[in-house]
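Counting in full-length UniProt numbering, the sequence shown runs from 1 upward without gaps.
Just so you know, even glycine gets a beta-carbon here, dropped at the ideal spot from N, CA and C.
Data block below; observations after.
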Amino acid sequence: MALILKRQAIFSAVTYLQDVHTQFGVLKCVSYRTCIATGIAASCVIPLSLFWYTVTMCLPGSEKFLKFYTAYTFLGWSSDNKWNNCFLFVISDHLVVNQQYLLSGFLLILSCYILGLLQQTVISFTSVSYREDDLGMFFTAYLRYSETVSKGASLVNRALSLLLLFLYGFMTFSIFNVTTFLLTSDFTYVLTEMLATQVILMLMMIIGFYTTSFQAVAVHDAAKRGKNLVYDVVSRSESSDHETRCLLLMMAAEFPSEVVVTGWGMFSLKRSFLQKTTSGMFTYAILLSQAGNQTSHK
Numbered sequence: 001m002a003l004i005l006k007r008q009a010i011f012s013a014v015t016y017l018q019d020v021h022t023q024f025g026v027l028k029c030v031s032y033r034t035c036i037a038t039g040i041a042a043s044c045v046i047p048l049s050l051f052w053y054t055v056t057m058c059l060p061g062s063e064k065f066l067k068f069y070t071a072y073t074f075l076g077w078s079s080d081n082k083w084n085n086c087f088l089f090v091i092s093d094h095l096v097v098n099q100q101y102l103l104s105g106f107l108l109i110l111s112c113y114i115l116g117l118l119q120q121t122v123i124s125f126t127s128v129s130y131r132e133d134d135l136g137m138f139f140t141a142y143l144r145y146s147e148t149v150s151k152g153a154s155l156v157n158r159a160l161s162l163l164l165l166f167l168y169g170f171m172t173f174s175i176f177n178v179t180t181f182l183l184t185s186d187f188t189y190v191l192t193e194m195l196a197t198q199v200i201l202m203l204m205m206i207i208g209f210y211t212t213s214f215q216a217v218a219v220h221d222a223a224k225r226g227k228n229l230v231y232d233v234v235s236r237s238e239s240s241d242h243e244t245r246c247l248l249l250m251m252a253a254e255f256p257s258e259v260v261v262t263g264w265g266m267f268s269l270k271r272s273f274l275q276k277t278t279s280g281m282f283t284y285a286i287l288l289s290q291a292g293n294q295t296s297h298k
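Right under this line is the structure:
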């Protein structure tokens, strides 16, 4: 639903950034192989592995597990007929569970593509501005490109911020959910197929989480390099126009804060966010592991 509501904003952001590339050019083409591979994996590998696990539940000898997971899925209800349970479990897995991963994989590819365009827009600004030797010309170029970059960042946030909130919420929930399952389950009662499926799910979600995060962080890092470039140009300039120098420094100081990708204002995708989130995941896993060890010793 959110993707449908944001379709016009996404189209506007992509069109604007592509027009900027056509107008000013870029240094190099963006490589989307990692994003595309991760997105396809999330869209195909996870649903296929889940479907494979679901089908194995319908094989002879798995009736007890099938009945248990059917009751778990349908809030306690299950049928005494094996094939009824199999049909319901396969349909729910295909129509509900797999669609989540198909959509998340598509959003991952879309987000990486748009963020890559924005990153190259910022990089093109720094490279072109660096060739401006005169401080007055540099100031004019800075105004032109900073306005272009700021507008692009605004369009990207308008298009992706809500989708990124849902995407990160889904990936984070999946990671914590699988971590809880792996650290608290008694593997003597867990099917090998289910264990393999959960491990694949966690790996794909971790890869998707960090792939998107690194792409978003690269946008902000490029903006900080733009700020440092302005500082360097002003420090080397021999111009006596102190007002222009001060104005450039003040504007450059605010530039990185204008080029930040957010999750609907709830969080900013910067290095600090990545560090805190990673630390939180490790802390949760350690605490859960220790709690499990204490429980097992009682």
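Enclosing alpha helix (DSSP H) for residue i [first to last residue]
i, result
"Thr64", "First, the amino acid is wrong: residue 64 is Lys here, not Thr. Per DSSP, Lys64 belongs to the alpha helix (DSSP H) from 63-73."
"His220", "192-236"
"Asn85", "82-92"
"Ala159", "135-184"
"Thr56", "46-56"
"Ala2", "2-5"
DSSP bridge partner residues for residue i (one or two, in chain order)
i, result
"Thr262", "Ser268"
Rounded straight-line distance, which links the Cα of residue j to that of residue i
i, j, result
"Leu27", "Cys112", "Here Leu27 scores only 45 on pLDDT, less than 50, and its place in the model should not be relied on; the value that follows carries that caveat. Each residue's alpha carbon lies about 18 Å from the other."
"Gly156", "Phe68", "Here residue 156 is Val; the residue named in the question, Gly, does not match the sequence. Roughly 45 Å separates the two Cα atoms."
"Ala9", "Ala153", "12 Å"
"His21", "Thr38", "25 Å"
"His94", "Val234", "59 Å"
"Gly61", "Ala196", "19 Å"
"Leu110", "Met250", "34 Å"
"Thr70", "Asn85", "6 Å"
"Phe170", "Phe209", "10 Å"
"Leu103", "Tyr16", "25 Å"
Status (buried if at least 16 other CB within 10 Å, exposed otherwise) for residue i
i, result
"Phe273", "buried"
"residue 377", "For the chain, the structure presents residues 1 to 298; residue 377 sits outside this window and is missing."
"Lys276", "exposed"
"Phe173", "exposed"
"Val217", "buried"
"Thr278", "exposed"
"Gly116", "buried"
Beta-carbon gap between residue i and residue j smaller than 9 Å
i, j, result
"Ile114", "Ala222", "no"
"Leu162", "Ala2", "yes"
"Ile206", "Ile46", "no"
C-beta neighbour in chain C for residue i, strict 9 Å
i, result
"Leu17", "In summary, chain C is missing from the structure at hand, where a single protein chain is found."
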